[in-house]
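Asks: My questions will all concern the structure given below.
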């Protein structure tokens, strides 16, 4: 891996709450960003990372996690479009979820157990990723980031407050 790990942005940073801009140039700068994103994700011990989690407001995310069959999947999706099963065709996965931008606490988040992401790779070639298991959750979680959403936005008010309280306790006072 040739990328350089960058600091992870945490909840409260405005770039996490703003929808990201579409990628328009598939060039060396994008390739470097993607390498840095993988390095940042690995250093933080994550399974997915959106560009705004390292302060870059572009629609791109990386992932490295197992699917529902425990088959390892790794890749990048630029300008993703998420497709979920229709309401009558959905099976809800109620697993717990965490986030590198809210390090520490985890909470149960119901998400469809299947997800498909259409987009492009780092060269601009079309890609489609079909996700089950952890990969389905990851595709949804990272696309949410690019839309300015965090997993805590999918929790009840009480659960969201509990996660943020735990995060603040772990984080401690900031200078």
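Numbering (our numbering), first residue to last: 17 to 191.
Using N, Cα and C, we set each Cβ at its ideal position, and we do this for glycine too.
Mapping DSSP to helix, strand and coil, what is residue 118?
Replies: Within the chain shown, numbered from 1, the residue matching residue 118 stands at position 102. Correct three-state label for residue 118: strand.
Asks: Figure out for me which residue from 48, 189, 135, 120 has the closest Cα to the Cα of residue 72.
Replies: Your numbering for residue 72 matches position 56 in the chain shown. Closest by alpha carbon: 48.
Asks: What residue range does the beta strand (DSSP E) around residue 69 cover?
Replies: Counting from one through the chain shown, the residue named residue 69 turns up at place 53. Run containing residue 69: none; DSSP gives neither H nor E here.
Asks: From residue 59 to residue 177, what does the alpha carbon distance come to, in whole angstroms?
Replies: Numbered from its first residue, the chain shown carries residue 59 at position 43. Numbered from its first residue, the chain shown carries residue 177 at position 161. Spanning the two alpha carbons is a distance of roughly 28 Å.
Asks: To which residues does DSSP link residue 113 through a beta bridge?
Replies: As a working mapping, residue 113 is identified with position 97 in the chain shown. Per DSSP, 123.
Asks: State yes or no: is the C-beta of residue 137 within less than 9 Å of the C-beta of residue 93?
Replies: On the chain shown, position 121 is the one that residue 137 refers to. On the chain shown, position 77 is the one that residue 93 refers to. Taking 9 Å as the Cβ cut-off, residue 137 and residue 93 qualify as a contacting pair.
Asks: Cutting at 7 Å between CB atoms, please list the residues of its own chain near residue 135, excluding the five before and the five after it.
Replies: Taking the chain shown and counting its residues from 1, the one referred to as residue 135 is at position 119. Within the same chain, residue 135 has close Cβ partners 93, 94, 95, 96, 97, 143.
Asks: Quick check on the burial criterion: 16 or more other C-beta atoms within 10 angstroms. Buried or exposed for residue 121?
Replies: To locate residue 121, count along the chain shown from 1; it is residue 105. It is buried - the Cβ of residue 121 has at least 16 other Cβ atoms within 10 Å.
Asks: Can you tell me whether residue 39 is buried or exposed, with buried defined as 16 or more other CB within 10 angstroms of its CB?
Replies: Your numbering for residue 39 matches position 23 in the chain shown. Per the 10 Å Cβ criterion, buried.
Asks: Identify whether residue 33 lies in helix, strand or coil by the three-state DSSP scheme.
Replies: For the purposes of this step, residue 33 is taken as residue 17 along the chain shown, with counting starting at 1. Of the three classes helix, strand and coil, the one that applies to residue 33 here is helix, per DSSP.
Asks: Using 10 angstroms around the beta-carbon of residue 185, count the other beta-carbons present and answer buried if the total reaches 16, otherwise exposed.
Replies: The count along the chain shown starts at 1 and reaches residue 185 at position 169. Classification for residue 185: exposed.
Asks: Measuring only the C-alpha atoms, how far is residue 127 from residue 110?
Replies: By one-based count along the chain shown, residue 127 stands at place 111. By one-based count along the chain shown, residue 110 stands at place 94. Their Cα atoms are separated by approximately 7 Å.
Asks: What is the DSSP secondary structure of residue 46, counted as helix, strand or coil?
Replies: Residue mapping note: residue 46 aligns to position 30 of the chain shown, counting from 1. In the structure shown, residue 46 sits in a helix (DSSP, three-state: H, G or I).
Asks: Would you identify the three-state DSSP class for residue 107, choosing helix, strand or coil?
Replies: Locating residue 107 in the chain shown gives position 91, where the first residue counts as 1. It is coil, neither helix nor strand.
Asks: Between the Cα of residue 65 and the Cα atoms of 106, 37, 104, 22, which residue gives the shortest distance?
Replies: Taking the first residue of the chain shown as position 1, residue 65 is located at position 49. With distances taken between Cα atoms, residue 65 lies closest to 22.
Asks: With distance defined between alpha-carbon atoms, name the residue in 32, 105, 113, 24 nearest to residue 75.
Replies: Locating residue 75 in the chain shown gives position 59, where the first residue counts as 1. Among 32, 105, 113, 24, the Cα nearest to that of residue 75 is on 32.
Asks: Taking the alpha carbon of residue 162 as the reference point, which residue from 36, 43, 145 has its own alpha carbon closest?
Replies: Numbered from 1 along the chain shown, position 146 holds the residue referred to as residue 162. Looking at the Cα atoms, 36 is the closest of the given residues.
Asks: Which class does residue 131 belong to by DSSP, given the choice of helix, strand or coil?
Replies: Looking up residue 131 in the chain shown gives position 115. Looking at residue 131 - three-state DSSP - the assignment turns out to be strand.
Asks: Skipping 5 residues on each side, what residues in its chain have a beta carbon closer than 6 Å to that of residue 168?
Replies: Here residue 168 refers to the residue found at position 152 when the chain shown is read from its first residue. So the list reads 176, 179, once near-sequence residues are dropped.
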